[in-house]
Ligand SMILES: C[S@@+](CC[C@H](N)C(=O)[O-])C[C@H]1O[C@@H](n2cnc3c(N)ncnc32)[C@H](O)[C@@H]1O
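Numbering (the numbering used here), first residue to last: 76 to 735.
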């Protein structure tokens, strides 16, 4: 099996050779050592080392290992209880299916200590490299991370059976040993995983670290795991982890892990490689009521020593600062396809293992009349693009005309001109009312009424006439979405930060000051309705601006392709009287689609607010899926102006580049 060790200083068999052939193996090891020595002292390769070591290291112990440690002390139990209480993570138990996080990193080589212990370079020896990452986790053990630093992209993942990594310079390889979690996840990002792994830890005492009095817990990788990660040339001798939990706050503030590998090719003396990684974990913030670390610094020190090293021991030190921009739980539509390892890694599996993986790994051939791109989860994943932030990519071939996925809105609202003619919840067109009938908002079904009950009850307590007038006279649609979201938050059906994951528009100071009036009107409507203070804490001007900034570039204008009632006469009359759009809505997955003036996907609404994303042509696996944000029939200059003013970017799609 052609498997990659999780960290760069372990040999990677990137020459295609038979692993059972020992002479070739020795030469592979020589090459490996040669290339790594030169890597360590070659500045041009700094970025590769940084990415290999710091990019996506694995944590040696799985939270689901299910190996209770008989030595667990009551002190360790107490520390973990304190941690779970401090983070509030128990409320996630059984409720979180997936987690999505994006963040930024800055990495640099710090120093290298060469032969005879003299410093070959001290202080940052290379320019620090900036980058960003996107991370998906699906409970219990599937995860994917894409990290782009200095123009290089590293991807790593686990489908629950194999953990793998792809680097531009090595390609894709599976990690040795069992599936383990990403170390980044244990850096305070997933408190449930932290408490699960440390629940079997040993209490080591107290220690003051970075000015904080901490309790120290220790974990060690077991012998079976170490053996699985070894082969007859590289032996993994130990891997220990220390977690430092603040005595005062209970939070995990420092994580340190260290492992030692003995490398010995037949007939030579051994060399030892020790890698120690330490992470300062900071900036805990609440996400859906749970404390999640949003920043920190990691450093890695690689030391190599042994009798046969003529140059003497060598030490390489590197550092990373990281921050989390967005973190969200239970992002809808996350497909299992996201976690499929690259083909090269799939080939690493022995044949007999393929059977139970087949549902995921064989592209299903749908029947001729099959409408959905696939019967299972959508064949897409969200990933980082080169020029346009996050984007949506096909995980397999999609046929022309296929329905890729559907999406329900996070927030929607009818346009003011349609408010009496469409369902207040799903925007389905309704039969026109006769003059004797009530002109209140209406619903198309009991189900829609039921689903809106709680937030409509909140809305009905307040007088919205001034706010609605403000929207009507200025022709504003997004403040209506803000009002609905605010009522949903007050009623407890949505969280105030549910849109934080979406990209905000950049707003000028003029735009921000114009929003002040809308905010005052919204706030005063709630205040006059005597809304309880504790429910209103979220409603600040900043919240209002943040939400509007997201609605501006992520909401869709809903135009229905078909009506729900058969009376064509009424339909024609309604379309003359009202504008074509029945309302506006914002969705999660569709918000990640980037724009193209000649798109390969379009978004349509048939009879209500539920969106359908359909392929406009054949799409290959790996291709980015793009929709058109604007009226594609406009000429080049008009499109560029609208995209720049409305969405803040200059379009460089093929059509625009050709001047069309
Ligand atoms: C609805 S969001 C799309 C998802 C977004 N890329 C993200 O990371 O969340 C729209 C924003 O994406 C970026 N974008 C979309 N299409 C683009 C394109 N063709 N070129 C450059 N930027 C684009 C712009 O910043 C735009 O305001």
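By construction, the Cβ of each residue, glycine as well, lies at the ideal position given by its N, Cα and C atoms.
* To do: Would you please state the rounded distance, in angstroms, between the beta carbons of residue 170 and residue 364? I believe it to be under 8 angstroms.
  => The count along the chain shown starts at 1 and reaches residue 170 at position 95. The count along the chain shown starts at 1 and reaches residue 364 at position 289. About 11 angstroms; that fails the 8 angstroms criterion.
* Residue of 135, 350, 214 minimising C-alpha distance to residue 258 -> Position 183 of the chain shown, counting from 1, holds the residue named residue 258. It is 135.
* **Per-residue DSSP class, three states only, for residue 573** => Position 498 of the chain shown, counting from 1, holds the residue named residue 573. Reduced to three states, the DSSP call for residue 573 is coil.
* Beta-carbon proximity check, residue 685 vs residue 501, cutoff 9 angstroms -> Along the chain shown, read from residue 1 onward, the residue named residue 685 stands at position 610. Along the chain shown, read from residue 1 onward, the residue named residue 501 stands at position 426. In contact: residue 685 and residue 501 (Cβ atoms closer than 9 angstroms).
* Alpha carbon to alpha carbon, what distance is there between residue 577 and residue 466? -> One-based indexing of the chain shown puts residue 466 at position 391. One-based indexing of the chain shown puts residue 577 at position 502. Pairing residue 466 with residue 577, the inter-Cα distance amounts to about 12 angstroms.
* C-beta contact flag for residue 626 and residue 669 at 9 angstroms -> Taking the first residue of the chain shown as position 1, residue 626 is located at position 551. Taking the first residue of the chain shown as position 1, residue 669 is located at position 594. The answer is no: Cβ separation not under 9 angstroms.
* **Residues near residue 717 in its chain [Cβ-Cβ closer than 8 angstroms; skip 5 each side]** => Taking the first residue of the chain shown as 1, we reach residue 717 at position 642. Closer than 8 angstroms at the Cβ level, and outside the excluded window around residue 717, lie 705, 709.
* Excluding the five sequence neighbours on either side, which residues of its own chain have a C-beta within less than 6 angstroms of the C-beta of residue 284, listed in chain order? -> By 1-based counting over the chain shown, the position of residue 284 is 209. The residues are 319, 329.
* Should residue 206 be counted as a contact of ligand 1 given a C-beta to heavy atom distance under 8 angstroms? -> Locating residue 206 in the chain shown gives position 131, counting from the first residue. No, the Cβ of residue 206 stays beyond 8 angstroms of every heavy atom of ligand 1.
* To do: Under 8 angstroms by Cβ, that's how I've got residue 269 and residue 327 pegged, so tell me the actual separation to the nearest angstrom.
  => Here residue 269 refers to the residue found at position 194 of the chain shown. Here residue 327 refers to the residue found at position 252 of the chain shown. About 6 angstroms separates the beta carbon of residue 269 from that of residue 327, a gap short enough to meet the 8 angstroms contact definition.
* Assign residue 598 to one of three DSSP states: helix, strand, or coil. => Residue numbering aside, residue 598 sits at position 523 when the chain shown is read from its first letter. DSSP places residue 598 in helix when its eight states are reduced to three.
* **residue 704 beta carbon near ligand 3 (any heavy atom closer than 8 angstroms)** => Ligands in the displayed structure: ligand 1; ligand 3 is not one of them.
* Three-way DSSP call (helix, strand, coil) for residue 311 in this model -> For this step, residue 311 is matched to residue 236 along the chain shown. If DSSP states are grouped into helix, strand and coil, residue 311 belongs with the strands.
* Bridge partners of residue 678, per DSSP? -> The sequence position of residue 678 within the chain shown is 603, counting from 1. Per DSSP, 688.
* If residue 375 sits next to residue 357, beta carbons under 8 angstroms apart, how far is it from one beta carbon to the other, in whole angstroms? -> Here residue 375 refers to the residue found at position 300 of the chain shown. Here residue 357 refers to the residue found at position 282 of the chain shown. Not quite, the Cβ-Cβ distance comes to about 18 angstroms (not below 8 angstroms), so this is no contact.
* Reduced DSSP category for residue 193 - H, G, I as helix; E, B as strand; rest coil -> On the chain shown, residue 193 is found 118 positions in, with the first residue counted as 1. Interpretation of residue 193 is limited by its pLDDT of 42, a score under 50 that renders its predicted location unreliable; the figure taken from the coordinates is listed afterwards. The three-state reading of DSSP puts residue 193 in coil, since its state is none of H, G, I, E or B.
* Asked: Rounded to a whole number of angstroms, what is the C-alpha to C-alpha distance between residue 377 and residue 339?
  -> Start at 1 with the first residue of the chain shown, and residue 377 comes out as number 302. Start at 1 with the first residue of the chain shown, and residue 339 comes out as number 264. Going by the C-alpha atoms only, they are around 18 angstroms apart.
* To do: Could you check the C-alpha separation between residue 724 and residue 226 for me, to the nearest Å?
  => Here residue 724 corresponds to residue number 649 of the chain shown, with the count starting at 1. Here residue 226 corresponds to residue number 151 of the chain shown, with the count starting at 1. Straight-line Cα distance between these residues: approximately 21 angstroms.
* Quick one: is the Cβ of residue 733 within less than 8 angstroms of any heavy atom of ligand 1? -> Within the chain shown, numbered from 1, the residue matching residue 733 stands at position 658. The answer is no for residue 733.
* Quickly, what does DSSP pair residue 504 with across the bridge? List them, please. => Start at 1 with the first residue of the chain shown, and residue 504 comes out as number 429. Residue 504 is bridged to 497.
* Asked: Roughly how many whole angstroms lie between the Cα atoms of residue 533 and residue 612?
  -> Position 458 of the chain shown, counting from 1, holds the residue named residue 533. Position 537 of the chain shown, counting from 1, holds the residue named residue 612. So the alpha carbons of these two residues sit roughly 16 angstroms apart.
* To do: Report the rounded CA-to-CA distance for residue 741 versus residue 161, giving the unit in angstroms.
  => Lying outside 76 to 735, the shown extent of the chain, residue 741 is not represented and no answer is given.
* Asked: Is it the case that the Cβ atoms of residue 324 and residue 359 are separated by a distance below 9 angstroms?
  -> The sequence position of residue 324 within the chain shown is 249, counting from 1. The sequence position of residue 359 within the chain shown is 284, counting from 1. Their beta carbons are under 9 angstroms apart, which means residue 324 touches residue 359 by this criterion.
* Would you identify the three-state DSSP class for residue 562, choosing helix, strand or coil? => Counting from 1 along the chain shown, the entry for residue 562 is found at position 487. Three-state DSSP puts residue 562 in a helix.
* With a CB to CB cut of under 6 angstroms and the five nearest residues on each side skipped, what residues in its chain are close to residue 733? -> Locating residue 733 in the chain shown gives position 658, counting from the first residue. Closer than 6 angstroms at Cβ, skipping near neighbours: no residue.
* To do: Return helix, strand or coil for residue 523, following the three-state DSSP convention.
  => Walking along the chain shown from the start, residue 523 turns up at place 448. Of the three classes helix, strand and coil, the one that applies to residue 523 here is helix, per DSSP.
* Asked: Just the Cα atoms here: how many angstroms apart are residue 700 and residue 128?
  -> Taking the first residue of the chain shown as 1, we reach residue 700 at position 625. Taking the first residue of the chain shown as 1, we reach residue 128 at position 53. Their Cα atoms are separated by approximately 32 angstroms.
* Going by the C-beta, is residue 41 closer than 8 angstroms to any heavy atom of ligand 1? -> Outside the displayed range of the chain (76 to 735) lies residue 41, so it cannot be described from this structure.
* Can you name, in chain order, every residue of its own chain whose Cβ lies under 8 angstroms from the Cβ of residue 144, other than the five neighbours on each side? -> Stepping through the chain shown from its first residue, residue 144 is reached at position 69. Residue confidence is low: residue 144 scores 49 on pLDDT, short of 50, so the model does not pin down where it sits. Its coordinate-derived value is still stated next. Correct list, in chain order: 275, 276, 277.
* Between residue 724 and ligand 1, is the CB less than 8 angstroms from at least one heavy atom? -> Along the chain shown, one-based indexing puts residue 724 at 649. It does: the Cβ of residue 724 is within 8 angstroms (strictly closer) of some heavy atom of ligand 1.
* **Which residues DSSP lists as bridging residue 202, in chain order** => For this step, residue 202 is matched to residue 127 along the chain shown. Partner(s): none; residue 202 has no beta bridge.
* Asked: Quick one: what's got a C-beta closer than 6 angstroms to residue 304's C-beta in the same chain, skipping five residues either side?
  -> For the purposes of this step, residue 304 is taken as residue 229 along the chain shown, with counting starting at 1. Result list for residue 304: 251, 252, 311, in chain order.
* Pick from 557, 122, 295 that is closest to residue 243, judged by C-alpha positions -> Along the chain shown, one-based indexing puts residue 243 at 168. When each option's Cα is compared against that of residue 243, the closest is 122.
* What is the rounded straight-line gap between the Cα of residue 545 and the Cα of residue 689? -> Here the question's residue 545 lines up with position 470 in the chain shown. Here the question's residue 689 lines up with position 614 in the chain shown. Cα-Cα distance, rounded: 37 angstroms.
* Could you tell me whether the Cβ atoms of residue 568 and residue 402 are closer together than 9 angstroms? => In the chain shown, residue 568 corresponds to position 493, counting from 1. In the chain shown, residue 402 corresponds to position 327, counting from 1. No, Cβ-Cβ distance for residue 568 and residue 402 is not below 9 angstroms.
* Residue interval of the alpha helix (DSSP H) (run including residue 611) -> For the purposes of this step, residue 611 is taken as residue 536 along the chain shown, with counting starting at 1. Per DSSP, residue 611 belongs to the alpha helix (DSSP H) from 608-611.
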